[in-house]
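J.: Here you go, one structure.
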Amino acid sequence: MMIFVGIAIVFIGIIYLMYTSIKKGSGKVEGGGVVVIGPVPIVFGTSEKITKLLIILAIVLFIIVLSIEFIPFYLHSSIWS
8 MMIFVGIAIV FIGIIYLMYT SIKKGSGKVE GGGVVVIGPV PIVFGTSEKI
58 TKLLIILAIV LFIIVLSIEF IPFYLHSSIW S
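The sequence shown begins at 8 in our numbering and counts up one residue at a time.
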């Protein structure tokens, strides 16, 4: 049941975004991406603003992944200490 509620919320959000973009009439589209090959991130974007945002996002995601990887080691060592 909760899956259907989530899908409905996403669907309503998409319709709302389409409605507001049609109502405004004009807008600016920016895009970019991050490709991580080993420890080296390759960041690209259509503007300097979006590129900086993606660099910050890549750093935050890297920290989250590292913390998730090291939590089991920390918990395991604290149990036996």
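Cβ atoms here follow ideal geometry from the backbone N, Cα and C, with glycine treated the same way.
1) Which partner residues does Pro48 have in the DSSP bridge list?
2) In whole angstroms, give me the CA-to-CA distance for Ile57 and Val67.
3) With a threshold of 8 Å on Cβ separation, who are the neighbours of Tyr26 within its own chain once the five nearest residues in sequence on each side are excluded?
T.: Reading off the structure:
1) The residue you call residue 48 lines up with position 41 of the sequence shown. DSSP output for Pro48 lists Val43 as bridge partner(s).
2) The residue given as residue 57 occupies position 50 in the sequence shown. The residue given as residue 67 occupies position 60 in the sequence shown. Spanning the two alpha carbons is a distance of roughly 15 Å.
3) Against the sequence shown, residue 26 aligns to sequence position 19. Here the set comprises nothing.
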